[in-house]
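Number of protein chains: 2
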Amino acid sequence: MFQSAEIGNAIDKKAYKAEAPEVREALLAMQERMADRGLAVCVVIGGVEGAGKSETLNVLLEWMDARGLQTHALRDPTDEERDRPHMWRFWRMLPPKGRMGIFLGTWYAEPMADLFDGAPRSQVDQTLDRIIDFERMLHAENTLVIKVWLHLSKAAQQARLKELGGDPDRRWRVTAADRLYRKHYDRIREVAEHVLRRTGTGDAPWHVVEGTDPRYRQLTVAKLVLKSVSERLDQLDALAGRPRPEPDRPRPAPVNILNRLDLSAKLKRAEYEKRLVKLQAKLARLTRKLHRRGRSMVLAFEGPDAGGKGGAIRRLITAMDARDYQVVAIAAPTDEERAHPYLWRFWRHLPGRGRVTIFDRSWYGRVLVERVEGFCRPEEWRRAYAEINAFEQQLVDAGTIVVKFYLSVSADEQLRRFEDRQQTPYKAHKINAEDWRNREKWDAYEAAACEMIEKTSSEAAPWVLVEANDKLWARVKVLTAVTDRLEELL
Amino acid sequence: MFQSAEIGNAIDKKAYKAEAPEVREALLAMQERMADRGLAVCVVIGGVEGAGKSETLNVLLEWMDARGLQTHALRDPTDEERDRPHMWRFWRMLPPKGRMGIFLGTWYAEPMADLFDGAPRSQVDQTLDRIIDFERMLHAENTLVIKVWLHLSKAAQQARLKELGGDPDRRWRVTAADRLYRKHYDRIREVAEHVLRRTGTGDAPWHVVEGTDPRYRQLTVAKLVLKSVSERLDQLDALAGRPRPEPDRPRPAPVNILNRLDLSAKLKRAEYEKRLVKLQAKLARLTRKLHRRGRSMVLAFEGPDAGGKGGAIRRLITAMDARDYQVVAIAAPTDEERAHPYLWRFWRHLPGRGRVTIFDRSWYGRVLVERVEGFCRPEEWRRAYAEINAFEQQLVDAGTIVVKFYLSVSADEQLRRFEDRQQTPYKAHKINAEDWRNREKWDAYEAAACEMIEKTSSEAAPWVLVEANDKLWARVKVLTAVTDRLEELL
């Protein structure tokens with residue numbers, strides 16, 4: 355893996371001076387194309403100590419238009435980061451469309467350190483597999499990942515650090531970490547070799563670059579970025595003429611998990627009032643316990659319009675300490691949200707330890723409305739099931755309790771509620787022409803929902819199907835499911 | 355202050371049922387107007403324990419369209435928040451244009467707690483004065499602040515807490531804090547009275563509402579929100595017809611702080627190389643010390659196009675640990691940025707402890723380009739000096755070292771550099787038609803810069819004027835100023 359980066363690759367000054375201006379010019383033109391096409395790029399710079407990671411970053415900064423660039427070098431995670439799934443800190447750093455993020459230290463830092471410290475390889479490999487999924491998702495979502503590993507042979511590293519250490523004005527470039535890592539060259543090389551081999555994929559290959567000669571290193575990395583981005587832009591250009599995606603209108607099976615529900619289930623008001631008070635008291639107690647235990651919870655609500663999501667959510671939050679929950683109503687994304695992979699807008703609202711986030715509509719929009727209305731391409735909603743499962747798995751792995759509710763009403767009941775809304779002035783805002791149009795696609799939405807529930811139900815992040823023709827029944831069922839889940843997992 | 359909120363205000367069930375639907379309808383119509391006009395609203399709900407703060411929040415959530423709402427209830431600050439100026443956490447919560455944020459616990463929590471704990475009133479009053487400035491700025495920047503204080507008489511509070519405590523299913527609503535605060539009713543009342551009187555301004559008055567009767571409380575708060583927002587919307591409607599602001603083209607004084615600079619100052623290359631290496635070594639040492647000490651630094655760069663800002667910044671960052679600095683190049687704001695007060699986009703990039711943020715162009719754009727090009731109104735850039743001074747003072751108070759650089763080049767030198775850029779392909783992106791047009795407004799920019807420097811120079815956040823016709827001189831001067839300042843303050 356590293357052999358061809360130990361042969362003393364170098365470029366002489368003259369050749370460098372001849373070539374550098376062209377590369378700079380081409381990089382700038384490339385940035386304009388990136389902005390036009392809305393391509394985001396992550397440049398990951400890893401490598402051994404002394405191989406020139408910071409210097410490479412600096413040259414890229416110098417050569418490119420700083421307004422299209424952002425740099426990220428990692429320190430220890432902050433507590434907001436530590437309080438959330440591991441990848442949260444990287445999601446918040448992702449460059450938006452048209453821009454480039456250059457990373458020193460990334461999602462690879464932790465598995466490499468674990469492996470170095472002797473963690474079992476099988477365990478580290480699982481982390482690496484999840485990284486592969488993450489990078490595949492980025493690639494599919496128009497974020498190109500370019501991974502560069504700056505390598506030095508053992509002798510070259512010794513020479514480099516000695517040279518720096520001998521000059522009092524440059525000695526500061528050698529940190530304590532450098533001196534530590536120098537001692538472990540062989541072990542680090544072994545770790546890097548495994549990680550690079552395992553995570554070098556077709557979409558996001560590793561490029562090993564010899565770091566000994568600064569001119570060679572700089573020019574090689576710059577040209578690598580240029581080539582990778584240009585190729586991806588060419589691919590996108592070729593795709594640009596594609597027609598808009600067609601809406602997908604699946605037909606539901608005659609008997610399915612949704613129409614099998616007994617929507618006549620109901621509760622008398624007196625019984626409801628009695629149970630509501632008890633359940634809210636229980637929920638209050640359990641969310642305080644959640645807080646004390648430093649766990650977190652994510653609840654997602656889906657279902658047809660007028661299914662009673664808002665009402666059910668209000669019955670939950672009145673029992674919680676207002677400092678502990680956040681309700682996120684999903685409407686049209688902002689342009690910052692649109693400029694990132696579709697899961698980004700949900701990652702940004704994930705709760706910290708002790709907190710609850712309730713999503714009124716969620717990431718499942720991808721496989722419901724976006725699918726049925728043709729807002730995304732078939733390959734996009736098809737891969738979304740796996741992406742969503744991976745997302746929820748990360749939440750669960752981080753100690754978050756995840757419950758998803760589908761509030762099911764019959765078409766007749768929805769019609770009754772729509773008519774009621776239209777006749778009640780303060781409810782009229784809740785209904786518009788689109789809601790009526792969506793009714794015509796009732797079957798397609800039902801079929802899409804069935805497929806979604808089947809493909810994304812898991813022990814760890816279950817779907818709770820709620821018979822919601824009777825609002826009182828539905829609210830009690832939601833409260834019961836939340837409290838049961840909390841009792842079980844706390 | 356509280357007398358009229360202790361007289362047993364109440365509304366009977368029938369009157370409530372008659373009025374509530376109208377109010378709900380009006381609130382929803384109001385939200386639509388807010389979205390159309392781009393008015394942001396902060397509703398601050400304070401009050402004594404047991405007066406129904408959470409319940410009021412819940413009713414507002416129920417009555418309004420959740421997609422235009424966000425709620426914020428404070429816990430202890432996170433470490434990312436603690437690492438930055440006190441107001442940072444509130445800036446990050448500000449609702450964007452067209453939306454409403456409802457706050458339980460706000461910027462008032464800390465000064466009230468301080469006063470309660472016996473901090474000198476004069477010291478707390480300074481904090482309160484800064485809050486007044488903040489709210490005034492919000493008001494001017496199209497963010498309406500509505501402050502509600504829910505009050506209970508001592509007897510009413512005792513009765514309320516006793517009632518809750520006696521019901522096993524509702525007892526959870528009484529927290530340990532409630533029980534504690536109950537003991538100190540008189541002291542809290544005294545503190546609240548002082549704070550409310552001091553911070554009740556014309557733009558953001560306090561509204562005291564009696565909290566004893568839930569129906570009265572809910573209806574009163576809802577109508578208060580309705581009235582305040584509607585009045586502000588009417589004002590904005592009246593202003594909507596205004597012509598766009600005129601560009602402001604001030605003329606510089608014949609002799610001024612900028613044209614008095616000796617732009618012939620220069621440095622030989624050999625001397626430059628020698629000093630650069632020494633200064634970078636020193637800067638590396640000092641930024642490591644900054645990190646150890648948990649201090650932070652903000653550097654801002656302004657000056658004419660082609661003044662050498664980027665080159666000077668690169669000489670700084672090559673001496674720093676990439677994990678410690680962030681360069682923020684200020685270009686066109688995103689729509690999320692545009693939807694907030696103009697300082698919001700700078701607040702979001704403030705460094706945490708141990709870190710450095712370098713702004714390549716900054717908040718001073720408000721009194722330079724926005725003023726000269728007519729992108730903002732005269733009253734907006736005129737008040738910006740005070741707002742900027744207040745902003746920087748908050749940084750300094752939080753232990754941040756602030757240095758601002760103005761890199762001054764002559765019109766002739768700028769022309770030379772523009773021509774050079776046009777002839778060098780990889781520099782051509784740095785110049786466009788607008789840069790040439792801006793040259794025609796050279797005098798206006800010079801005069802605006804002189805006024806800016808005079809109005810915003812302070813001991814704590816000084817301007818360093820840099821003779822920048824010679825790039826080498828300029829870079830050394832910048833490095834020297836940064837290292838001197840660090841040496842002085844660390």
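Going down the list, the protein sequences come from chains A and B.
Going by our numbering, the first residue of the first sequence is number 355, and it counts up by one from there.
Going by our numbering, the first residue of the second sequence is number 355, and it counts up by one from there.
Think of the CB as a built atom: it goes at the ideal place given N, C-alpha and C, for glycine as much as any other residue.
- By the criterion of a C-beta distance shorter than 7 Å, A:Arg647 is surrounded in its chain by Leu844, once the five residues flanking it on both sides are discounted.
- Put simply, the stretch 707–714 of chain B touches the stretch 678–696 of chain B. At least three CB pairs are less than 8 Å apart.
- Against A:Gly664, the close residues of chain B are Ala420, in the order they occur along the chain (beta-carbon pairs closer than 7 Å).
- Taking a C-beta distance under 7 Å as the contact criterion, B:Val750 and B:Ala814 qualify as a contact pair.
- A:Asp659 is outside the set of residues whose beta carbon lies under 7 Å from a beta carbon in chain B.
- With respect to the 7 Å criterion, B:Arg438 and B:Leu704 are classified as neighbours on the basis of their beta carbons.
- Counting every other CB atom within 10 Å of its CB across the protein chains shown gives B:Thr810 a total of 16 or more, marking it as buried.
- Residue-level contact by beta carbon fails for A:Thr711 and chain B, as no gap is shorter than 7 Å.
- Those residues of the stretch 629–641 of chain B placed with their C-beta closer than 7 Å to a C-beta in chain A are Val631, Lys632, Ala635, Ala638, Arg639, ordered along the chain.
- In the DSSP assignment, B:Tyr739 falls within the alpha helix (DSSP H) that extends over 732–751.
- Excluding the 5 residues flanking it on each side, B:Leu617 has same chain C-beta neighbours closer than 6 Å at Ser764, Glu821, Asn823, in chain order.
- Between B:Thr834 and B:Leu633, the beta carbon gap of about 6 Å places them in contact (Cβ cut-off 8 Å).
- When the Cα atoms are used, B:Arg527 and B:Ala427 turn out to be separated by approximately 16 Å.
- The C-beta distance from A:Leu621 to A:Trp827 rounds to 5 Å, short enough to meet the 8 Å contact threshold.
- Excluding sequence positions up to five before and after A:Pro568, its CB lies within less than 8 Å of the CB of Gly406, Glu409, all in the same chain and listed in chain order.
- For A:Leu819, there is no enclosing alpha helix (DSSP H); the enclosing beta strand (DSSP E) has its first and last residue at 817–821.
- Just so you know, the alpha carbons of A:Gly664 and A:Glu800 end up roughly 20 Å apart.
- Boundaries of the alpha helix (DSSP H) around A:Gln512: 508–520.
- For the pair A:Met454 and A:Met447, the Cα-to-Cα distance works out to about 11 Å.
- One alpha carbon belongs to B:Ala510, the other to B:Glu403, and they sit about 11 Å apart.
- Comparing C-alpha distances from A:Met355 to each of A:Leu504, A:Gly719, A:Leu498 shows the shortest one belongs to A:Leu504.
- Excluding its 5 nearest sequence neighbours in each direction, B:Glu741 has C-beta neighbours in its own chain below 6 Å: Met491, listed in chain order.
- Contacts with chain A (Cβ-Cβ distance below 9 Å) from the stretch 397–431 of chain B involve Lys407, Ser408, Glu409, Leu411, Asn412, Leu415, Glu416, Trp417, Asp419, Ala420, Arg421, Gly422, Leu423, Gln424, Thr425, His426, Ala427, Leu428, Arg429, listed in chain order.
- By alpha-carbon distance to A:Pro431, the top candidate from A:Glu625, A:Ala463, A:Phe700 is A:Ala463.
- Around B:Arg598, the same chain offers Gly728 as residues with beta carbons nearer than 8 Å, after the five sequence neighbours per side are excluded.
- The beta-carbon distance between A:Val549 and A:Leu482, rounded to whole angstroms, is 7 Å. This is short enough to meet the 8 Å contact definition.
- The beta carbon of A:Ala828 does not come within 7 Å of any beta carbon belonging to chain B, so the residue lies off that interface.
- In the DSSP assignment, B:Val549 falls within the alpha helix (DSSP H) that extends over 539–553.
- Per the DSSP secondary-structure output, B:Trp503 pairs in a beta bridge with B:Gly400, B:Val562.
- As DSSP reads the structure, A:Gly665 sits in no beta bridge.
- Annotation for B:Val757: the continuous beta strand (DSSP E) segment containing it runs 754–762.
- For A:Ile486, the enclosing alpha helix (DSSP H) has its first and last residue at 475–494.
- The DSSP-derived three-state label of A:His645 is helix.
- A:Val575 sits in a helix when the DSSP states are folded into three classes.
- In the structure shown, B:Ile456 falls within a strand segment according to DSSP collapsed to helix, strand and coil.
- When C-alpha distances from B:Arg669 are compared across B:Gly362, B:Gly459, B:Val478, B:Lys825, the shortest belongs to B:Lys825.
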